[in-house]
Every structure is written in C-alpha cells, then in structure tokens.
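Novice:
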Amino acid sequence: MVKRLLLIALFAVTSLFAQNGVPSTELPKSRFVAQTEFYYSKLSIFRESLTFNGNGDFWLQFGREFRFARYFSWTPSIGFNRNGWSFERAGHSGKMSFVVPYVSFSINAHPFDIGYVDLGLHYGRLTYCFGELDGKNTTKDDTYFSSYSHGFYTHIGADFLEHFRAGLVYRQTFIDSDDYPRVIVAALGGFVLYKF
C-alpha cells in the first residue's frame with residue numbers, strides 16, 4: 001500500500017513538472033559576449049632591472065558563454081590587445097607598444113546569478129611592434145614578430161540591466177622569444193561586457 005502511494009505521488013509530481021517546467025533547475029541559455037578592458041600595467045624584463053610604466057592598455061574580446069551548471073559556465077573567445085609603455089633610463093626616454101591577436105579560454109562562476117568570477121588562459125602572437133627612443137622611431141627589429149604572448153587572467157564583477165556585466169580584471173602576461181629575455185606584464189584594470 002505504501003509503495004503504491006509513493007508511486008502515485010511520484011507520478012503526480014513528475015506530471016506537474018512536465019506541465020509547468022522546473023524553473024529552479026533550468027540553465028540560462030548560452031550567449032555571445034563582447035568585452036572590452038582598459039588597464040594600467042607594469043612591464044618588467046626578466047633578469048634585467050628594467051621596469052616600464054603603462055601608457056594605455058586596451059583589450060577587445062569576443063566569445064560565447066556556455067552554461068554547463070546552474071552557477072557555472074565556460075567561454076572560448078578570440079580578440080586582440082594593444083599594450084603600451086613609457087620609460088626613462090640613463091637620461092633617455094622612450095616608448096614601446098605591441099598589438100597581439102589571441103585566443104583564450106575561461107571557467108566562470110555566477111554566484112546567485114548576479115555575481116561573476118572567472119579564471120582563464122590566453123595565447124597570442126605579436127603582429128605589430130612600435131618603438132621610439134628620444135623621439136626617434138626604432139621599429140627596425142623583426143625578431144619581436146616571432147615572439148609569443150601567453151598568460152592568465154581573472155575577472156570579478158556583477159551583471160546588471162540584463163545584458164551588461166562590469167567589474168575589475170587582473171592579467172599577467174609573459175612574452176617569450178628565442179632572442180630576448182622574458183618580458184613580464186602585470187596589469188590591473190576594469191572591464192565592461194555585453195551579453196547578446
């Protein structure tokens with residue numbers, strides 16, 4: 001008798017869910033996202049006492065956010081970034097900048113469907129390098145074009161107005177090549193994301 005009542009109750013509950021859905025367990029749909037980031041950065045050259053101050057770092061990224069659990073998602077994306085620095089040394093002043101297209105991947109958490117935290121990796125190749133020393137163009141070395149950029153990042157933010165997300169971001173990037181010592185870039189900034 002008890003088993004029969006349990007079966008009837010189970011049938012009634014499943015029928016109710018089938019008619020009305022189960023909002024509490026439905027996953028939000030996957031979305032295309034576009035994101036822009038602005039930074040202040042410090043550049044250090046490994047094994048050398050050189051530190052450059054950032055003069056404007058910009059990242060633009062496009063991807064798709066796939067939900068795989070109620071409060072978790074993953075995002076593959078592509079984008080490009082422009083990094084720039086100014087420096088003074090031994091009475092000389094100069095500027096340098098890179099443009100790097102890249103691919104990236106992140107695992108994301110969405111606490112309470114409002115907050116946002118992620119941890120991701122990115123990889124890219126330098127496609128443009130600009131250098132200036134004491135007002136003269138020094139962009140003559142093509143070795144940088146064989147360099148590659150890789151690193152990690154984390155965003156902390158919140159969703160608002162249905163389609164928007166904003167917050168803080170930290171990136172640490174390593175630029176490596178066979179002919180130069182490792183370049184390390186630490187950057188802290190803000191981001192704004194639009195969810196389509």
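Every letter in the sequence shown is one number past the one before it in my numbering, and letter 77, counting from 1, is 77.
We treat Cβ as the ideally placed atom computed from N, Cα and C, and that holds for glycine.
Can you look up PHE112 in the DSSP assignment and give me helix, strand or coil?
Specialist: helix
Novice: Are the Cβ atoms of SER77 and ASP57 separated by less than 7 Å?
Specialist: no
Novice: Report the rounded CA-to-CA distance for PHE17 versus PHE62, giving the unit in angstroms.
Specialist: Any reading at PHE17 needs caution, since the residue's pLDDT is 40, under 50, leaving its predicted position unreliable; the model's value is listed next. One alpha carbon belongs to PHE17, the other to PHE62, and they sit about 37 Å apart.
Novice: What residue range does the beta strand (DSSP E) around SER147 cover?
Specialist: Counting along the chain, SER147 falls outside any beta strand (DSSP E), and DSSP gives it neither H nor E.
Novice: To the nearest angstrom, how far is it from the Cα of THR127 to the Cα of PRO111?
Specialist: 38 Å
Novice: Considering only their Cβ atoms, is the gap separating PHE32 from ARG64 smaller than 7 Å?
Specialist: yes
Novice: Can you tell me which residues form a DSSP beta bridge with PHE72?
Specialist: ALA69, ALA109
Novice: Using the Cα positions of LYS29 and PHE130, report the straight-line distance between them to the nearest angstrom.
Specialist: 42 Å
Novice: In the DSSP output, which residue or residues are listed as bridge partners for PHE130?
Specialist: SER97
Novice: Using three-state DSSP, classify LEU161 as helix, strand or coil.
Specialist: coil
Novice: Mapping the DSSP letters down to three states, classify ASP178 as helix, strand or coil.
Specialist: coil
Novice: What residue range does the beta strand (DSSP E) around PHE32 cover?
Specialist: Counting along the chain, the beta strand (DSSP E) containing PHE32 begins and ends at 31-45.
Novice: Compute the distance between the beta-carbons of SER97 and HIS122, then report whether it is under 7 Å.
Specialist: no
Novice: Relative to the C-alpha of SER149, which residue among LEU60, PHE196, VAL185, GLU162 is closest?
Specialist: VAL185
Novice: DSSP three-state label for PHE52, please.
Specialist: strand
Novice: When the Cα atoms are used, what is the spatial distance from ARG95 to PHE152?
Specialist: A small fix is needed here, since residue 95 is Lys in this sequence, not Arg. Approximately 25 Å, taken between the alpha carbons.
Novice: Whole angstroms is fine: what's the gap from PHE164's alpha carbon to LEU119's?
Specialist: 19 Å
Novice: Let me check understanding here. Comparing Cα to Cα, which of THR138, LYS195, ASN53 lies closest to TRP85?
Specialist: ASN53
Novice: For THR51 and TRP59, I'd like the C-alpha separation in whole angstroms.
Specialist: 21 Å
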